[in-house]
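Asker: Just passing along the structure, written as structure tokens.
Residue numbers (the working numbering), protein chains in the order written: chain X, 5 to 279; chain C, 5 to 279.
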């Protein structure tokens with residue numbers, strides 16, 4: 005049972021079409037969160053228990069569809085966040101899809117071609133580790149397309165999510181916000197840990213040189229596509245424990261809005277004769 | 005080589021957002037077509053040869069994407085038209101997808117979920133036998149959704165095709181137009197031919213009772229979604245030979261607009277030493 009509920013979705017929510025700068029969002033923000041780490045951890049654990057309960061009902065009810073999108077710069081914490089958030093969900097109703105650079109056959113098609121098959125059906129939670137937004141970010145930062153084509157792509161993303169929402173998908177989008185110093189710290193830590201070497205991608209490392217262009221691209225993209233039916237949340241992510249608490253609270257609240265219920269039996273179960 | 009080219013796409017093209025009645029379109033129209041059947045057949049054969057040549061180039065070039073959509077009432081001639089049009093294409097660059105009533109798993113997702121995986125990639129021609137339009141027609145005629153939701157669905161179809169077109173798909177849409185008497189004749193012929201009994205679908209037969217509602221739904225749908233980048237053509241289809249000539253001519257013209265070319269070798273082939 006959550007007794008105090010002072011973490012507000014509104015604080016993290018991006019307002020549609022309102023210009024902003026990511027550097028004005030504090031990646032260490034802790035407002036409304038417990039002051040001590042062990043309290044943060046305890047509260048997160050309670051949120052996760054509630055999420056798992058709600059996801060169980062959602063799967064049983066076979067009515068609602070939930071899509072959770074994670075975007076972040078490299079080392080932003082997508083993998084860890086997803087594991088914490090969804091590690092205890094019933095995998096029968098869960099599907100995590102990770103997107104890398106498009107393959108040759110994916111590249112032969114429109115960018116949503118590789119996305120659409122993985123959107124959730126009834127009773128499912130789908131989580132995207134990176135997403136359709138990559139196909140706007142990368143061509144923009146690397147100037148592969150002209151402005152007009154980029155604008156069209158952004159509008160296609162908006163339309164795509166509008167269609168999904170109209171067809172019953174609850175969409176929640178997270179941008180994990182770390183600052184450039186934090187990224188440096190994490191890359192150095194990764195370098196020192198042989199078990200994390202597999203996570204190094206030289207292409208990603210090169211993207212660090214484009215930090216400012218990516219931040220700018222994110223600012224425009226988040227503002228343009230943070231519709232009421234598919235809001236973006238900027239989650240302060242320098243501190244992983246606090247990040248997880250914010251994520252879990254927002255997801256729990258969205259799931260509660262859906263109020264999933266175990267379906268009622270079509271007959272009087274107490275009358276059932278079990279031989 | 006086509007010497008006379010008097011069949012104009014414009015004659016069959018639906019004008020976007022302009023109201024019309026299907027009963028004002030003559031399902032026996034033969035304007036611009038040769039007067040004698042053997043001449044119609046000869047001209048169709050020449051068009052088909054040219055289409056196959058263009059499709060071969062398109063596949064080799066690996067650049068353009070083509071989507072051809074067929075809609076019609078039952079017995080409208082979709083199967084036969086597709087066989088005539090595409091039977092000689094290189095199957096390596098061709099993919100025909102036939103849509104029936106959605107399966108349980110398809111129905112659990114948004115209606116475009118079962119469509120998107122089958123849109124063409126570079127170098128491919130995709131043909132849809134029925135399509136995403138069914139998921140507007142059927143709920144409308146059977147009053148499964150309210151007006152507002154139907155309007156949204158129609159807008160989603162428009163946005164979906166706009167996205168595909170912006171991402172390089174050439175979209176051609178055919179409505180095979182037969183009248184109610186012709187349908188009766190074809191159903192009776194089907195009844196008399198045991199080899200065609202498998203084509204009977206009792207659900208389809210029942211749809212004949214909704215003939216007028218379907219015609220009305222088609223009228224609104226064709227007008228709303230006949231965008232420049234995804235035009236609808238109403239093809240007079242009471243006569244199969246003439247129908248095929250019109251279809252082949254329109255497809256050939258669209259393929260010619262794309263002007264597909266065999267790729268040039270990256271080196272001087274005449275210098276190649278073959279041991």
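Even glycine gets a Cβ: it sits at the ideal position worked out from N, Cα and C.
How big is the Cα-Cα spacing for residue 6/X and residue 246/X?
Answerer: Reliability of the predicted coordinates at residue 6/X is poor, the pLDDT of 49 falling under 50, and no value is obtained from them.
Asker: If you pair each beta-carbon of the region 156–171 of chain C with each one of the region 226–240 of chain C, do three or more pairs fall below 8 angstroms?
Answerer: yes
Asker: What three-state label does DSSP hand residue 44/X in the structure shown?
Answerer: helix
Asker: Please confirm if residue 171/C has its CB atom under 8 angstroms from at least one CB of chain X.
Answerer: yes
Asker: Whole angstroms is fine: what's the gap from residue 216/C's alpha carbon to residue 88/X's?
Answerer: 56 angstroms
Asker: Please classify residue 29/X: does DSSP put it in a helix, a strand, or coil?
Answerer: coil
Asker: Just how far apart, CA to CA, sit residue 275/C and residue 122/C?
Answerer: One C-alpha to the other measures close to 41 angstroms.
Asker: Starting from residue 123/C, find everything on chain X with Cβ-Cβ shorter than 8 angstroms and list it in chain order.
Answerer: 113, 114, 117
Asker: Quick check: the Cα distance between residue 147/C and residue 14/C, rounded to an integer number of angstroms?
Answerer: 34 angstroms
Asker: List the residues of chain C whose Cβ lies closer than 8 angstroms to the Cβ of residue 120/X, in chain order.
Answerer: 116, 117, 120, 121
Asker: Using only the alpha-carbon positions, how far apart do residue 278/X and residue 268/X sit?
Answerer: One alpha carbon belongs to residue 278/X, the other to residue 268/X, and they sit about 19 angstroms apart.
Asker: What runs of the alpha helix (DSSP H), each 4 residues or longer, lie entirely inside the region 94–166 of chain X?
Answerer: 108–111, 138–145
Asker: Mind pulling the chain X residues with CB within less than 8 angstroms of residue 72/C?
Answerer: Within 8 angstroms Cβ-Cβ: nothing; residue 72/C doesn't reach chain X, min ~17 angstroms.
Asker: Hey, is the region 131–145 of chain X in contact with the region 85–103 of chain X, meaning 3+ C-beta pairs nearer than 8 angstroms?
Answerer: yes
Asker: Beta strand (DSSP E) containing residue 71/C: first to last residue?
Answerer: Note, residue 71/C: beta strand (DSSP E), 69–76.
Asker: Would you tell me roughly how many angstroms separate the C-alpha atoms of residue 66/C and residue 120/C, rounded to the nearest one?
Answerer: Residue 66/C and residue 120/C have their C-alpha atoms spaced approximately 20 angstroms apart.
Asker: Excluding the five sequence neighbours on either side, which residues of its own chain have a C-beta within less than 7 angstroms of the C-beta of residue 186/C, listed in chain order?
Answerer: Hits under 7 angstroms: 31, 242.
Asker: Alpha carbon to alpha carbon, how far is residue 237/X from residue 11/C? Give it in angstroms, no decimals.
Answerer: 56 angstroms
Asker: Taking C-beta pairs closer than 8 angstroms, name the residues in chain X that residue 154/C reaches, listed in chain order.
Answerer: Result: empty, since nearest Cβ-Cβ is about 11 angstroms, beyond 8 angstroms.
Asker: Is it buried or exposed, residue 136/X, if we count other Cβ atoms within 10 angstroms and call 16 or more buried?
Answerer: buried
Asker: For residue 209/X, would you say it is in contact with chain C, using Cβ-to-Cβ distances shorter than 8 angstroms as the test?
Answerer: no
Asker: If you draw a straight line from the alpha carbon of residue 235/C to that of residue 176/C, how long is it in whole angstroms?
Answerer: Looking at the two C-alpha atoms, the distance is approximately 6 angstroms.
Asker: If you measure from the beta carbon of residue 167/C to each beta carbon in chain X, is any gap under 8 angstroms?
Answerer: yes
Asker: So with Cβ pairs under 8 angstroms, would you call residue 181/X a contact of chain C?
Answerer: Closer than 8 angstroms: no.
Asker: Report the three-state DSSP secondary structure of residue 10/C (helix, strand or coil).
Answerer: coil
Asker: Thinking C-alpha only, which one of 104/X, 84/X, 145/X, 152/X is nearest residue 200/X?
Answerer: 84/X
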